[in-house]
Amino acid sequence: MLQAIENLTKEFLEISNNKSVRVISHHDTDGITSAAIMIKTLKRLDKKFSIRIVKNLEEDILKEELKRSEREILIFTDLASGSLDYFQDLKNPIFILDHHEINKEKLNNQIKIINPHLFDEEEICGAGLSYLFAKSISKDNIDLAPLAIMGMIGDRLESNISKINNIIIKDTKDLIIKKGLLIFSATRPLKRSLEYSTSTYIPGVTGSSIGVTELLRETGIPPDKTLCDLNDEEMSRLVTAIMLRRTKQNEKDSIIGNLYMLKFLNRKEDVRELSVLINACSRLGYSDIALAFCLENKEAEKTAQNIYIKYKQQLISSLKLIEEVEQNSIEKLIGNGFVIVNAKDEIKDTIIGTVMSMISSSMNYEEGTILIGMAYNQDKIKVSARTVGKGRNLKEILEKTVMNFEAEVGGHHNAAGCLIKKEYEKEFIDSLRKNLEIEVVKI
Ligand SMILES: [Mn+2]
Numbered sequence: 093m094l095q096a097i098e099n100l101t102k103e104f105l106e107i108s109n110n111k112s113v114r115v116i117s118h119h120d121t122d123g124i125t126s127a128a129i130m131i132k133t134l135k136r137l138d139k140k141f142s143i144r145i146v147k148n149l150e151e152d153i154l155k156e157e158l159k160r161s162e163r164e165i166l167i168f169t170d171l172a173s174g175s176l177d178y179f180q181d182l183k184n185p186i187f188i189l190d191h192h193e194i195n196k197e198k199l200n201n202q203i204k205i206i207n208p209h210l211f212d213e214e215e216i217c218g219a220g221l222s223y224l225f226a227k228s229i230s231k232d233n234i235d236l237a238p239l240a241i242m243g244m245i246g247d248r249l250e251s252n253i254s255k256i257n258n259i260i261i262k263d264t265k266d267l268i269i270k271k272g273l274l275i276f277s278a279t280r281p282l283k284r285s286l287e288y289s290t291s292t293y294i295p296g297v298t299g300s301s302i303g304v305t306e307l308l309r310e311t312g313i314p315p316d317k318t319l320c321d322l323n324d325e326e327m328s329r330l331v332t333a334i335m336l337r338r339t340k341q342n343e344k345d346s347i348i349g350n351l352y353m354l355k356f357l358n359r360k361e362d363v364r365e366l367s368v369l370i371n372a373c374s375r376l377g378y379s380d381i382a383l384a385f386c387l388e389n390k391e392a393e394k395t396a397q398n399i400y401i402k403y404k405q406q407l408i409s410s411l412k413l414i415e416e417v418e419q420n421s422i423e424k425l426i427g428n429g430f431v432i433v434n435a436k437d438e439i440k441d442t443i444i445g446t447v448m449s450m451i452s453s454s455m456n457y458e459e460g461t462i463l464i465g466m467a468y469n470q471d472k473i474k475v476s477a478r479t480v481g482k483g484r485n486l487k488e489i490l491e492k493t494v495m496n497f498e499a500e501v502g503g504h505h506n507a508a509g510c511l512i513k514k515e516y517e518k519e520f521i522d523s524l525r526k527n528l529e530i531e532v533v534k535i
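Using this note's numbering, the letters of the sequence shown correspond one by one to residues 93 to 535.
Next up, the structure:
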């Protein structure tokens, strides 16, 4: 793959000579960090360029962009492998650096692509590919490796580091990897990171400053210490106390792992937190801020931090709303092996998926329980399904449920979602309940 990247880089430099470059990237952390790497690289080459960040490569977007390909060189990062149908009669070559699934039969000479599925299947994210591309343009671009690490963590590729990712890790100056509790931020006072722990949900502690104080008093850890400052003994006391609150046994593995810390904007930062911050800004509609943040723009940093704080507060208050449904208009239907939360306008459609993921990791429900969240988005309803641990195929269940509602289901076995028209609200819930109950009987 490294050789192929070298070759692609050469072609890119030849073809793009005195032409302007158009970068199109995905709106998640991996896509944003990919775009940031591209911006820095193109600036250093003194090239003219423009950027577009998109949620999906929809047909009209692709058509618009392909029109530009007469004048500009298109480069897609962290997307486009699934859109090869649109690239069947290209007049000009396009470039793709992506790791999503690909239909090899649709490739042709005008598509200049690097995708790990075409090689040794080694795992690498869009930002990783963009970084290797940048590095093969100039060794000076080695300082962009931290962005690739942020993309890698954003796409959760850190639990099993591939050989090629290891190269990027070695390139990253000031990167600290330390085993510990997977709670971020590891570089901020524990009293804060525990209260806003949205990745590892701790019953009675997440969202409760009193709960946090109790937990820290019990373990004898000063509240202003950070996770990365703890010694081994303190770390293990904290892990035990948290596990006691998360009633499931044998799940130590899921809350312990490698912490990644690096210097960013002149501060030691937890990469998981950076990744969630970038993702939150971008998904809430501020991909320009997320991108400027990645480029270490001081102004954007302030705005991004503010968006992120609000986002975390929204998550925590949404969890509370679901716990206290008696006091609001949320409908909670508890069935045999499933829970349906119809949050209506009480929870934003942009965060309902994340909220359901947090509940699924909260250990309040038995393994295999299906959690369905619903939130209004104007005249539509966003539906997000998650399972607690391992369970039934959610994509199939949703597909069966929406058969009569003209909706497309996205996702996979453990996490799926769809958008339905609001007028089907009641019918959808009825049909969903039926399907969930039938499934229970089958088992
Ligand atoms: Mn990606």
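Beta carbons: idealized from backbone N, C-alpha and C, even for Gly. Just so we're clear, the structure is a prediction, and the values are computed from it rather than from any experiment.
Would you call Lys526 buried or exposed, if buried means 16 or more other Cβ atoms sit within 10 Å of its Cβ?
Result: exposed.
Distance, Cα to Cα, Glu287 vs Glu310?
About 16 Å.
Cβ atoms of Phe520 and Ile473: under 9 Å apart, would you say?
Result yes, Cβ atoms of Ile473 and Phe520 sit closer than 9 Å.
How is the alpha helix (DSSP H) around Cys373 delimited, first residue to last?
363 to 375
By the 10 Å Cβ neighbour count, where 16 or more other Cβ atoms means buried, how is Pro314 classified, buried or exposed?
The C-beta of Pro314 has fewer than 16 other C-beta atoms within 10 Å across all chains shown, which makes the residue exposed.
With contact counted as at least three CB pairs below 8 Å, one residue from each stretch, are the region 287 to 299 and the region 377 to 391 in contact?
no
Enumerate in chain order the residues of its own chain whose CB-to-CB distance from Ala372 is below 6 Å, with the five nearest sequence positions on each side excluded.
Tyr400, Tyr403, listed in sequence order.
Would DSSP call Gln341 helix, strand or coil?
Its pLDDT being 47, under 50, Gln341 is placed unreliably in this model, and the value from its coordinates should be taken loosely. Three-state DSSP puts Gln341 in coil, outside helix and strand.
My understanding is that Gly429 touches Gly509, with C-beta atoms under 8 Å, so please give their C-beta distance in whole angstroms.
Gly429 to Gly509, Cβ: 19 Å. No contact.
Give the C-beta separation of Lys355 and Asp266 to the nearest angstrom, bearing in mind that I take them to be a contact with Cβ-Cβ under 8 Å.
5 Å
Just mark Met495 as buried or exposed, buried being the case when its beta carbon has 16 or more other beta carbons within 10 Å.
exposed
Give me the Cα-Cα distance between Asn233 and Lys227, rounded to the nearest whole angstrom.
5 Å
Beta-carbon distances below 5 Å to any heavy atom of ligand 1 define the shell here; list its residues in chain order, please.
Asp122, Asp170, Cys217, Gly218, Asp247
Output yes or no for whether 9 Å exceeds the beta carbon distance between Ile165 and Phe179.
no
Who are the near neighbours of Arg329 in its chain, counting only those whose CB is closer than 8 Å to its CB and skipping five residues on each side?
Excluding five sequence positions before and after Arg329, the CB atoms of its chain that fall closer than 8 Å to its own CB belong to Thr311, Gly312, Ile313, given in chain order.
Return yes when the Cβ of Asp138 is within less than 9 Å of the Cβ of Gly243, no when it is not.
Not closer than 9 Å, so no.
Would you kindly check if the distance between the Cβ of Ser175 and the Cβ of Leu154 is under 9 Å?
Yes.
With DSSP collapsed to three states, give me the class of His118.
strand
Pull up the distance between the alpha-carbon of Asp212 and that of Thr395, whole angstroms please.
41 Å
What first and last residue would you give for the alpha helix (DSSP H) that runs through Arg248?
That residue, Arg248, is in no alpha helix (DSSP H); it is neither H nor E in DSSP.
Among the residues of its own chain, which have a CB less than 7 Å from the CB of Gln341, if the five just before and after it don't count?
Because the pLDDT of Gln341 is 47, which lies under 50, any placement of that residue in the model is unreliable, and the question is left without a value.
According to DSSP, which residues form a beta bridge with Met466?
Asn434, Val475
Shortest alpha-carbon distance to Asn358 belongs to which of Phe104, Thr479, Arg136, Phe385?
Relative to Asn358, the option among Phe104, Thr479, Arg136, Phe385 whose CA is nearest is Phe385.
Does DSSP classify Arg163 as helix, strand or coil?
Coil, per DSSP.
Would you kindly work out how many angstroms separate the C-alpha atoms of Asn109 and Ser449, rounded to a whole number?
46 Å
Where does Cys217 fall in DSSP's three states?
coil
By Cβ distance, which residues of its chain are closer than 8 Å to Lys317, with the 5 residues on each side in sequence left out?
Pro281, Leu282, Glu326
Quick one: what's got a C-beta closer than 7 Å to Ile535's C-beta in the same chain, skipping five residues either side?
Residue confidence for Ile535 is low, a pLDDT of 48 falling below 50, so the modelled location carries little weight; the figure read from the coordinates is stated next. So no residue of the chain qualifies.
Counting along the chain, where does the beta strand (DSSP E) carrying Ile143 start and finish?
141 to 146
Is the beta carbon of Leu221 less than 9 Å from the beta carbon of His192?
In this structure, His192 does not lie closer than 9 Å to Leu221 by Cβ.
Where does Gly303 sit, in a helix, a strand or coil, going by DSSP?
helix
What does the Cβ neighbour count give for His118, buried or exposed, with the cut at 16 atoms within 10 Å?
buried
Exposed or buried, what is Arg364 when buried is set at 16 or more other beta-carbons lying within 10 Å of its beta-carbon?
Label assigned to Arg364: buried.
Determine the DSSP secondary structure at Glu103, reduced to helix, strand or coil.
helix
Grab me the residues of Ser112's own chain with a C-beta within less than 8 Å of its C-beta, minus the 5 sequence neighbours each way, in chain order.
Lys139, Lys140, Phe141, Ser142, Arg163, Glu164, Ile165
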